[in-house]
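Everything below concerns the one structure shown next.
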Amino acid sequence: MSEHSNNYNNLIGQPELKARLNDTFVDGYPVNHAYLFSADTGMGKTSFALKFAKQILCLENDSNNKACGSCDACRYFMAGTLPDFKHIQKGKEKIIKIDRVRKEIIADIQMRPQISRRKVYLLSLDDLNEQGQNALLKSLEEPPEYVVFLLTTKLAENILDTILSRVITLNFARYSKQEIKQILSEKVKKSEAEIPDGSFETQQDLNFILSYANGNPGLALQISQDENFKANRKQAIEWFFHFPTSDRTTLLTEYLDYLNKNKDQIYLFYHIWQDLIHDLLILLEDDSINKVAQVDILERCRKLVNYYQENDKTENRKQKLLHAYSAISEVKQASEVNASFEGMIGQLLLTLRKDLHI
Numbered sequence: 117m118s119e120h121s122n123n124y125n126n127l128i129g130q131p132e133l134k135a136r137l138n139d140t141f142v143d144g145y146p147v148n149h150a151y152l153f154s155a156d157t158g159m160g161k162t163s164f165a166l167k168f169a170k171q172i173l174c175l176e177n178d179s180n181n182k183a184c185g186s187c188d189a190c191r192y193f194m195a196g197t198l199p200d201f202k203h204i205q206k207g208k209e210k211i212i213k214i215d216r217v218r219k220e221i222i223a224d225i226q227m228r229p230q231i232s233r234r235k236v237y238l239l240s241l242d243d244l245n246e247q248g249q250n251a252l253l254k255s256l257e258e259p260p261e262y263v264v265f266l267l268t269t270k271l272a273e274n275i276l277d278t279i280l281s282r283v284i285t286l287n288f289a290r291y292s293k294q295e296i297k298q299i300l301s302e303k304v305k306k307s308e309a310e311i312p313d314g315s316f317e318t319q320q321d322l323n324f325i326l327s328y329a330n331g332n333p334g335l336a337l338q339i340s341q342d343e344n345f346k347a348n349r350k351q352a353i354e355w356f357f358h359f360p361t362s363d364r365t366t367l368l369t370e371y372l373d374y375l376n377k378n379k380d381q382i383y384l385f386y387h388i389w390q391d392l393i394h395d396l397l398i399l400l401e402d403d404s405i406n407k408v409a410q411v412d413i414l415e416r417c418r419k420l421v422n423y424y425q426e427n428d429k430t431e432n433r434k435q436k437l438l439h440a441y442s443a444i445s446e447v448k449q450a451s452e453v454n455a456s457f458e459g460m461i462g463q464l465l466l467t468l469r470k471d472l473h474i
């Protein structure tokens, strides 16, 4: 897929979203004046919005909902110099300040388009505080007929209801594993240097990335570009199998110190540990390898399960594993509200040691 593809329909995935975008065009132009692309970071909100903007601005937009790529509007758009398109970003600031909203949007929309028949404003509502959203509201309520707003957000629940009532909200579905593989493949073709050599040394590396990404191609790409990914995955696995026999001192010094220095990787550890607990529960139940997530360490999991079966009641062991799984989930949630990192992780390590004890 070319970076300058003229059609959002050529982007990978999101068939329902594409259908909704296609349906919104009448005689080559959108029937609504404001659209909100809502999805997590990494899901392609801006990519879709940019393709949509190009199509709206094209002077020769055909019946197939495709920008021509050769008219003045398309050429200037691709060069980043089309005066009728404004991509307003916060830059180095924490937010888009209200003065910029007034100058770059509220005042600017009064001037008619210079080249295209429409003017398009693209911005993230996540970069506006409540005052900024309120300032934008007037323009959303009564925009000139030639203005279209393309807005993005990670969480629509954080947007003012008065804004949500005036936009068409477009939600993104999770991408399939096959779609994410396609996206990763496209990135590799585009620039071999973007993904380090050996990132997918084994099929298990790729399988884990696809599982960890949970339908988010941006997250999959981020992991594939992380040179420390495989080392941290190995570390998380080794610790897991040492939890049952590790002493408190090792957990609260060596392990905790490492995690404290690598806080940005903590969700990777959570994910791997929960995957392994899931695998142990599967093997305790029916030894079905088709459902196992960490296939490359299947034998180590089986060895631990065999020990559990010989020395503990299956139901009792299941309850302990489920408790460990829940403990990780609770810490994940606590992490999102800025709980004390060391205290929280230290307690989790001790919980895993107790629940996985042999």
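Numbering (my numbering), first residue to last: 117 to 474. By construction, the Cβ of each residue, glycine as well, lies at the ideal position given by its N, Cα and C atoms. This one's a predicted model, so the numbers in the text were calculated from it and none came from an experiment.
Check the Cα spacing between Y262 and each of C184, Q463, F324, P146: the tightest is with P146. Shortest Cα-Cα distance from K254 to any of T269, K436, L276 involves L276.
Annotation for F201: A169, L173, F193, V236 place their beta carbon closer than 7 Å to its own, counting only its chain and skipping 5 residues before and after.
Check the Cα spacing between R234 and each of Y441, E370, P259: the tightest is with P259. Contact annotation: Y151 and I284 have beta-carbon atoms nearer than 7 Å. Under DSSP, N123 forms no beta bridge with any residue. Secondary structure note for K377: its alpha helix (DSSP H) is the uninterrupted segment 372 to 377. For I204, DSSP records a beta bridge to L239. Each residue's CA atom was taken as its position, placing A347 and L252 some 46 Å apart.
Residue range 161 to 173 is occupied by the alpha helix (DSSP H) that includes T162, with no beta strand (DSSP E) assigned at that position. Out of I382, L198, L438, the CA that lies nearest to the CA of F345 is found in I382. Short of 7 Å from the beta carbon of R282, and not among the five residues preceding or following it, lie these beta carbons of its own chain, in chain order: A150, L256, E257. Residue K134 holds the alpha-carbon nearest to the alpha-carbon of F288 among H473, G462, K134. DSSP places I444 in the uninterrupted alpha helix (DSSP H) bounded by 430 to 451. When DSSP assignments are scanned along the region 212 to 293, the uninterrupted stretches of alpha helix (DSSP H) that are 4 or more residues long and fall wholly within it turn out to be 214 to 217, 246 to 257, 277 to 280. By the neighbour-count definition (other C-beta atoms within 10 Å, threshold 16), D402 is an exposed residue.
The three-state secondary structure of A409, taken from DSSP, is coil. Bridge pairing for L152: L267, T285 [DSSP].
Residue pairing for F141: DSSP places it in a beta bridge opposite P146. At a Cβ-Cβ threshold of 7 Å, L241 and T269 count as neighbours.
When DSSP states are grouped into helix, strand and coil, K182 belongs to the coil group. Every unbroken stretch of the alpha helix (DSSP H) spanning 4 or more residues and falling wholly within the region 341 to 374 is given here in chain order: 345 to 358.
Just so you know, the alpha carbons of I474 and A329 end up roughly 32 Å apart.
Only buried fits P333, as 16 or more other CB atoms lie within 10 angstroms of its CB.
DSSP places I461 inside the alpha helix (DSSP H), whose first and last residues are 457 to 471. G459 counts as exposed, since fewer than 16 other C-beta atoms from the protein chains shown sit within 10 angstroms of its C-beta.
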